[in-house]
Each structure stands twice: as C-alpha cells, then as structure tokens.
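Inspection log for the structure reproduced underneath, given as structure tokens.
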Amino acid sequence: MFKRMITGLALAGIAALVAGCATSEQNIGSVTVKRYTEDRPRIDQQLSGNAGYLYGEAKYENKQRKDTRRLYTVEFSREPKQKKVIEKAPARFESKAALTGDESMIVPPLPDEVYSYSEPAESEAYEIAPPAAPETLLPQQYKIEKEDTLQKIAWKFYGSYSKWTKIYEANKEVLSDPDHLIPGTTITIPAL
0 MFKRMITGLA LAGIAALVAG CATSEQNIGS VTVKRYTEDR PRIDQQLSGN AGYLYGEAKY
60 ENKQRKDTRR LYTVEFSREP KQKKVIEKAP ARFESKAALT GDESMIVPPL PDEVYSYSEP
120 AESEAYEIAP PAAPETLLPQ QYKIEKEDTL QKIAWKFYGS YSKWTKIYEA NKEVLSDPDH
180 LIPGTTITIP AL
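Read in numbering that gives the first Met the number 0, the sequence shown has 94 at position 95, and its numbers run on one by one without any break.
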C-alpha cells in the first residue's frame with residue numbers, strides 16, 4: 000500500500016517537473032512533495048588539450064556549448080508520527096499536551112515508602128566457588144544433515160568457522176569433497 004502511494008507520488012512529481020513547474024511544494028496527506036529546478040555550471044564541457052588524439056589537434060568543431068545544465072529535483076518528506084507517540088504515552092503524565100510541550104511536564108509524586116540497601120544476612124551471603132576446570136572436547140560422531148557445510152559444523156562444535164579444515168583433515172577418507180557433503184554421512188569431530 001505504502002509503496003504504491005510513494006510510486007504514485009513520485010510519478011506525479013516527475014510529471015509536474017517535466018511540465019515546466021519551476022518551484023512548488025504540495026502536501027498530499029502526511030507526505031510533503033517539494034519540486035524545484037536548479038541551473039548549475041557544466042564543467043564537463045571545458046575542453047582542453049588534444050582531446051585524446053595522439054598526434055595533432057582534435058578534429059571537432061569549435062561550436063558554442065551550453066555553459067549550464069538544469070537539474071530537476073523532487074523531495075519527499077513525512078511528518079513525524081506524533082499521534083502514535085502521544086497515544087502510547089505513559090500514564091504518569093496528566094495530559095497528552097504535556098508530552099507535546101504545550102504544557103510543562105508534571106513530575107509524578109514520589110512513593111510513600113523509601114527503600115534502602117542493607118548488607119545481606121550471614122545465611123544469604125554467597126560463597127565464591129573455585130574456578131571450574133575447562134572442559135576437554137573428546138572426539139565426537141556427527142551425522143551430516145541437509146544444508147550442512149563444514150563451516151557450519153565447525154561453528155556448532157568449536158564456535159569458529161575457520162576450524163572447518165580440522166574436521167576435513169580428520170575425515171578425508173569419508174569426505175571426497177569439502178564443498179559437497181552428503182546428508183546422512185557420519186563424520187568424526189576431532190578434539191581441539
């Protein structure tokens with residue numbers, strides 16, 4: 000829906016420009032269309048040198064060239080979605096006008112209860128556990144699934160795409176081509 004509206008607006012804007020509309024601004028719903036033309040100097044027409052010829056002068060007519068070019072510009076802009084923001088405004092504001100800046104904001108009152116922090120009791124204190132020993136990866140068996148690649152399998156087991164070569168080296172007798180895996184084939188995932 001939105002694409003159709005923008006496409007229609009773009010075509011209407013381009014048609015108006017071609018028709019000779021110098022500068023105009025038009026509001027269509029929440030979209031503003033601004034069209035204008037601008038004349039700029041043509042630096043691409045300043046010829047010098049031999050114009051690419053290896054010997055002698057260029058064989059082009061020394062005719063009068065245009066010094067300016069005309070740019071046709073169409074700008075589309077939308078107004079901010081204030082209505083949706085206002086509707087989603089939190090209930091702590093007394094009015095929606097406070098959110099838009101028409102009134103000064105009213106700060107919500109503080110709660111009657113005041114919370115304070117106290118040290119936890121002895122029974123609630125946490126003990127610091129010794130660091131866990133790093134897990135060692137043992138060689139594992141893996142059944143290749145549809146759309147698996149060695150890079151994806153390496154990511155599953157090692158957390159790195161670049162370690163796919165280790166898997167391929169360990170399974171050269173099973174895998175004929177690392178780029179074409181056959182679903183259902185069982186391979187060994189080596190330990191790091």
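Backbone N, C-alpha and C define an ideal beta-carbon position, used for all residues, glycine too. All of these numbers come straight from a predicted model, not from anything done at the bench.
Using a Cβ-Cβ cut-off of 6 Å (strictly less than) and excluding sequence neighbours within five positions of residue i, which residues of its own chain qualify?
{"i": "Pro-177", "result": "Leu-149 and Tyr-167"}
{"i": "Ser-23", "result": "Arg-34"}
{"i": "Asp-147", "result": "Leu-180"}
Return no unless some Cβ of chain C is closer than 8 Å to the Cβ of residue i.
{"i": "Tyr-35", "result": "No chain C appears in this structure, which consists of one protein chain only."}
Nearest to residue i by CA position, among the options, is which residue?
{"i": "Tyr-35", "options": "Asn-170, Arg-69 and Gln-139", "result": "Arg-69"}
{"i": "Glu-74", "options": "Gln-25, Arg-41 and Asp-38", "result": "Gln-25"}
I think residue i touches residue j, with their Cβ atoms under 8 Å apart; what is that distance to the nearest whole Å?
{"i": "Lys-165", "j": "Pro-189", "result": "6 Å"}
{"i": "Ala-153", "j": "Lys-162", "result": "4 Å"}
Roughly how many angstroms separate the alpha carbons of residue i and residue j, rounded to a whole number?
{"i": "Ile-143", "j": "Thr-187", "result": "10 Å"}
{"i": "Thr-185", "j": "Phe-156", "result": "15 Å"}
{"i": "Tyr-160", "j": "Lys-2", "result": "39 Å"}
{"i": "Ser-76", "j": "Thr-6", "result": "14 Å"}
{"i": "His-179", "j": "Val-173", "result": "12 Å"}
{"i": "Val-32", "j": "Asp-38", "result": "20 Å"}
{"i": "Ser-29", "j": "Tyr-71", "result": "23 Å"}
So, helix, strand or coil for residue i, using DSSP?
{"i": "Thr-164", "result": "helix"}
{"i": "Gln-63", "result": "coil"}
{"i": "Lys-145", "result": "coil"}
{"i": "Arg-3", "result": "helix"}
{"i": "Ile-181", "result": "coil"}
{"i": "Lys-171", "result": "coil"}
{"i": "Tyr-35", "result": "strand"}
{"i": "Tyr-157", "result": "helix"}
So, at 8 Å on beta carbons, what are the nonlocal neighbours of residue i in its own chain, with the 5 sequence-adjacent residues on each side left out?
{"i": "Gln-139", "result": "Phe-156, Thr-187 and Ile-188"}
{"i": "Asn-170", "result": "Ile-186 and Thr-187"}
Which same chain residues end up closer than 7 Å to residue i when comparing Cβ atoms and leaving out the 5 residues on each side of it in sequence?
{"i": "Gly-183", "result": "Lys-142 and Ile-143"}
{"i": "Tyr-54", "result": "none"}
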